[in-house]
Amino acid sequence: LAKTTQPISMDSYEGQEVNITCSHNNIATNDYITWYQQFPSQGPRFIIQGYKTKVTNEVASLFIPADRKSSTLSLPRVSLSDTAVYYCLVGDRTGANNLFFGTGTRLTVIP
Amino acid sequence: DAGITQSPRHKVTETGTPVTLRCHQTENHRYMYWYRQDPGHGLRLIHYSYGVKDTDKGEVSDGYSVSRSKTEDFLLTLESATSSQTSVYFCAISRGSGTNYSSYNEQFFGPGTRLTVL
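Chain order of the listed sequences is A and B. Position one of the first sequence corresponds to residue 168 (this note's numbering), numbered consecutively onward. Position one of the second sequence corresponds to residue 240 (this note's numbering), numbered consecutively onward.
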C-alpha cells in the first residue's frame, strides 16, 4: 500500500511561495497523487491531482519528478487564509479503500 | 458544498448506548465513506460503500457497522459506544469510476459530526 510521508508542520510569511514536499516511495504505476486542504472544524477539500510532471490550477501547482517517488505542492503568495492542514495522498490501484490521509502538514501563515 | 449533509452535527452520549450517524448526498455518487479524525492520527477510514448494499471495511472498522439501503444515504452505527469512539466523524463521497482510478482520489467531504461518549 502506498503511504506517504510529509513534514508535520511549516511556517511561512504572507506573500511568500510555499512548497510542501511529500514522499511516496512505493507508488504504483496506476496511482495518482492528490492533495487536500483542511481548515479547522471543516472536512478536507480537494486541491489538486496529478500523475506526472506538472499540474497547475487556480489554487496551486503540483510538481512530480520522473521517478514519481515524491511530489511537491506549491502555493503561490500565501495569505493568512491559507493556514490549514495539507494532506498528500496516493491512490492505490486495488480500490477505493486504500487512500491514507495520514496526519498531514500543518501550514501556519504569519503576518 | 457538494450536496453532502451529516446528522446530527453534535452528539453527546453515554458508554454502552447505540448511536447512528447519517450521511446524505444529493449527487448520486456511487462511493461513500466514513472517516474518523483524532488528534495525532489524521483521518482514518472506517467503512466505505461502493453501491447500494455493498460495503467494505476500512482501516479502523472494529466497533462500527454501516448500511446503505439507498444510494443517497450511508449510515454509521456504533452498536455500543465506548469512550475511545469519541471523535469527529466525516462522511465523504466520490464518483469512483471503475476504469478511472483518479476518480477514487477526488472525494467530497461533509461538515462532520462531533461525537462525545461519556
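All C-beta atoms, glycine included, are put in the ideal place defined by N, C-alpha and C.
Can you name the residues of chain B whose CB is closer than 8 Å to the CB of A/Thr270?
Gly279, His280, Gly281, listed in chain order.
Report buried or exposed for A/Ala233, applying the criterion of at least 16 other Cβ atoms within 10 angstroms of its Cβ.
It counts as exposed.
Count the other C-beta atoms from every protein chain shown that fall within 10 angstroms of the C-beta of B/His249, then say buried if there are 16 or more, exposed otherwise.
The residue is exposed, with fewer than 16 neighbouring Cβ atoms inside 10 Å.
Considering only DSSP beta bridges, list what A/Arg212 is partnered with.
Answer by DSSP bridge pairing, in chain order: A/Gln204.
For chain A, is any of its Cβ atoms less than 8 Å away from the one on B/Glu266?
Not a single CB atom of chain A sits nearer than 8 Å to the CB of B/Glu266.
As assigned by DSSP and simplified to three states, the class of A/Leu247:
Helix at A/Leu247.
Does the count of Cβ pairs from the segment 253-262 of chain B and the segment 308-318 of chain B closer than 8 Å reach three?
Judged by Cβ distances under 8 Å, the segment 253-262 of chain B makes contact with the segment 308-318 of chain B, as three or more pairs qualify.
Hey, is A/Tyr253's beta-carbon within less than 8 Å of any beta-carbon in chain B?
Answer no: the Cβ-Cβ gap between A/Tyr253 and chain B never drops below 8 Å.
Close-in-space but distant-in-sequence residues of the same chain around A/Thr250 (CB under 7 Å, 5 per side omitted):
Leu274, Thr275, Val276.
Taking only beta-carbon positions, decide if B/Phe348 is within less than 8 Å of chain A.
For B/Phe348, at least one C-beta of chain A is nearer than 8 Å to its own C-beta.
Under the assumption that A/Ser237 contacts A/His191 (Cβ atoms under 8 Å), give the Cβ distance between them as a whole number of angstroms.
A/Ser237 to A/His191, Cβ: 7 Å. Contact.
Contacting residues, own chain, Cβ-Cβ under 7 Å from B/Pro350 (five flanking each side not counted):
In the same chain as B/Pro350, and ignoring 5 residues on each side of it, the C-beta atoms closer than 7 Å to its own belong to Gln245, Arg248, in chain order.
Reduced DSSP secondary structure (H/G/I, E/B, other) of B/Gln276
If DSSP states are grouped into helix, strand and coil, B/Gln276 belongs with the strands.
Beta carbon of B/Ser326 nearer than 8 Å to that of B/Arg275:
Inclusion of B/Ser326 and B/Arg275 in the CB contact set at 8 Å is warranted, their separation being smaller than that value.
With B/Arg307 as the anchor, note down where its beta strand (DSSP E) starts and where it stops.
Residues 303-309.
Using a C-beta cutoff of 8 Å, does B/Phe329 count as contacting chain A?
Yes - at least one Cβ of chain A is within 8 Å of the one on B/Phe329.
Tell me whether A/Arg244, by its Cβ, gets closer than 7 Å to a heavy atom of the ligand NAD.
This structure lacks the ligand NAD; in fact it carries no ligand of any kind.
Please determine, among B/Leu357, B/Gln346, B/Thr352, the residue with the shortest C-alpha to C-alpha distance to B/Ser266.
For the record, residue 266 of chain B in the displayed sequence is Glu; it is not Ser. Comparing Cα-Cα distances from B/Glu266 to each of B/Leu357, B/Gln346, B/Thr352, the minimum goes to B/Gln346.
Evaluate B/Leu284 with the Cβ neighbour count: other Cβ atoms within 10 Å of its Cβ, from every protein chain shown; 16 or more gives buried, anything less gives exposed.
It counts as buried.
I want to verify the contact list: residues of chain C whose CB lies under 9 Å from the CB of B/Gly351, in sequence order.
Note that chain C does not occur in the displayed structure, where the protein chains are A and B.
From the beta carbon of A/Tyr180, is the nearest beta carbon of chain B less than 8 Å away?
False, the Cβ-Cβ gap to chain B never drops below 8 Å.
Evaluate A/Asp198 with the Cβ neighbour count: other Cβ atoms within 10 Å of its Cβ, from every protein chain shown; 16 or more gives buried, anything less gives exposed.
Buried: at least 16 other Cβ atoms inside 10 Å.
Three-way DSSP call (helix, strand, coil) for B/Ser300 in this model:
Here B/Ser300 sits in coil by DSSP.
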